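Single-structure report; data block below.
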Amino acid sequence: LALVLVASLGAAFPQDALKKSCSLSKYQFLVPHELKAVQKMKEQFEDIMELSDRKCNTRLFHRKWNTAELSVPDRLMLVEAELDLATAMLGLPAAPRFAKTRQQPLAFLTQAREDLRGCMAMEAPSHQPSGKLRHWLQKLQMAKKTETAGCLEASAILHLFQVLNDLRCTALREQCT
Numbered sequence: 378l379a380l381v382l383v384a385s386l387g388a389a390f391p392q393d394a395l396k397k398s399c400s401l402s403k404y405q406f407l408v409p410h411e412l413k414a415v416q417k418m419k420e421q422f423e424d425i426m427e428l429s430d431r432k433c434n435t436r437l438f439h440r441k442w443n444t445a446e447l448s449v450p451d452r453l454m455l456v457e458a459e460l461d462l463a464t465a466m467l468g469l470p471a472a473p474r475f476a477k478t479r480q481q482p483l484a485f486l487t488q489a490r491e492d493l494r495g496c497m498a499m500e501a502p503s504h505q506p507s508g509k510l511r512h513w514l515q516k517l518q519m520a521k522k523t524e525t526a527g528c529l530e531a532s533a534i535l536h537l538f539q540v541l542n543d544l545r546c547t548a549l550r551e552q553c554t
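In case it helps, this note's numbering puts the sequence shown at residues 378 to 554.
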């Protein structure tokens with residue numbers, strides 16, 4: 378009976394699935410066309426911002442510490458939170474032209490977020506954030522409650538390259554300095 382159980386488990390879970398590890402290596406060096414798509418979207422958004430009268434004080438991405446100072450599990454949590462914000466803001470209703478421009482960056486960032494979530498689940502499912510990160514995560518939660526959607530959107534989009542640098546640092550793991 379035990380042999381049958383082991384054989385059926387082996388068939389149900391191929392060896393690859395059991396050995397699957399977290400790999401973020403594809404984010405160590407971002408593909409130029411992805412970066413160009415993000416740059417194009419950011420520039421188009423800046424043009425839209427010039428025409429609006431948004432007055433925002435969101436300083437979410439102004440931190441006194443560097444991502445490389447965080448542990449690898451903290452980096453995973455940081456970038457997951459940054460990508461959650463970015464993808465939520467890019468998913469907001471927008472003018473047709475901007476909606477089209479943001480499709481590729483949104484798809485890329487959504488995939489990166491899903492990859493990060495998989496790594497968190499495998500590598501650090503019960504990780505408790507350091508004091509630095511915990512403070513920033515609280516600041517993020519407060520901003521979500523107190524800032525307008527427009528200001529959160531502006532902050533997320535205008536700091537996407539910082540998010541991408543944080544993603545790259547996370548993918549580099551201990552090699553990020």
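Heads up, the beta-carbon is just placed ideally off N, CA and C, and yes, glycines get one too.
Keep in mind the model is a prediction, meaning the values are calculated, not measured.
**OP:** Could you check what DSSP says for residue 423 in three-state terms: helix, strand or coil?
**Re:** The residue you call residue 423 lines up with position 46 of the sequence shown. Of the three classes helix, strand and coil, the one that applies to residue 423 here is helix, per DSSP.
**OP:** Please state if the CB of residue 411 and the CB of residue 485 are separated by a distance shorter than 7 Å.
**Re:** Within the sequence shown, residue 485 is the residue found at index 108, counting from 1. Within the sequence shown, residue 411 is the residue found at index 34, counting from 1. Yes. Within cutoff.
Subject >> Chain-order list of residues whose beta-carbon lies under 6 Å from that of residue 399 (same chain, five-residue window excluded) >> reply: Taking the first residue of the sequence shown as 1, we reach residue 399 at position 22. 496, 499, 500.
Subject >> Which of helix, strand or coil DSSP assigns to residue 395 >> reply: Here residue 395 is taken as the residue at index 18 of the sequence shown, counted from 1. Note that residue 395 has pLDDT 36, beneath the 50 cutoff, so the model's placement of it is unreliable and the number below is only indicative. Here residue 395 sits in helix by DSSP.
Original post:
What number of angstroms, rounded off, separates the C-alpha of residue 483 from the C-alpha of residue 508?
Top reply: By one-based count along the sequence shown, residue 483 stands at place 106. By one-based count along the sequence shown, residue 508 stands at place 131. Cα to Cα, the separation comes out at about 30 Å.
**OP:** Taking only the alpha-carbon atoms, compute the straight-line gap between residue 432 and residue 528 and give it to the nearest angstrom.
**Re:** Here residue 432 corresponds to residue number 55 of the sequence shown, with the count starting at 1. Here residue 528 corresponds to residue number 151 of the sequence shown, with the count starting at 1. About 8 Å.
Original post:
Where in the region 478 to 510 do unbroken runs of the alpha helix (DSSP H), each at least 4 residues long, occur, reported from the N-terminal end onward?
Top reply: 480 to 500
**OP:** Starting from residue 406, trace the alpha helix (DSSP H) both ways and give me its first and last residue.
**Re:** The sequence position of residue 406 within the sequence shown is 29, counting from 1. Secondary structure note for residue 406: it is in no alpha helix (DSSP H), with a DSSP letter that is neither H nor E.
Original post:
So residue 533 and residue 462 are in contact, right, with Cβ under 8 Å, and what is the actual spacing, rounded?
Top reply: In the sequence shown, counting from the first residue as 1, residue 533 sits at position 156. In the sequence shown, counting from the first residue as 1, residue 462 sits at position 85. 5 Å between Cβ atoms; contact.
**OP:** Drop a sphere of 10 angstroms on the beta-carbon of residue 454, count the other beta-carbons inside from all chains shown, and report buried for 16 or more, exposed for fewer.
**Re:** Taking the first residue of the sequence shown as position 1, residue 454 is located at position 77. With 16 or more Cβ atoms within 10 Å of its Cβ, residue 454 is classed as buried.
Original post:
Would a C-beta distance cut-off of 7 Å place residue 506 and residue 543 closer than the cut-off?
Top reply: In the sequence shown, counting from the first residue as 1, residue 506 sits at position 129. In the sequence shown, counting from the first residue as 1, residue 543 sits at position 166. Taking 7 Å as the Cβ cut-off, residue 506 and residue 543 do not qualify as a contacting pair.
Original post:
What whole-angstrom Cβ distance do residue 510 and residue 447 have, given they're in contact under 8 Å?
Top reply: As a working note, residue 510 is residue 133 in the sequence shown. As a working note, residue 447 is residue 70 in the sequence shown. Confirmed, Cβ separation roughly 6 Å.
**OP:** Would you kindly check if the distance between the Cβ of residue 421 and the Cβ of residue 475 is under 7 Å?
**Re:** By 1-based counting over the sequence shown, the position of residue 475 is 98. By 1-based counting over the sequence shown, the position of residue 421 is 44. Contact: yes.
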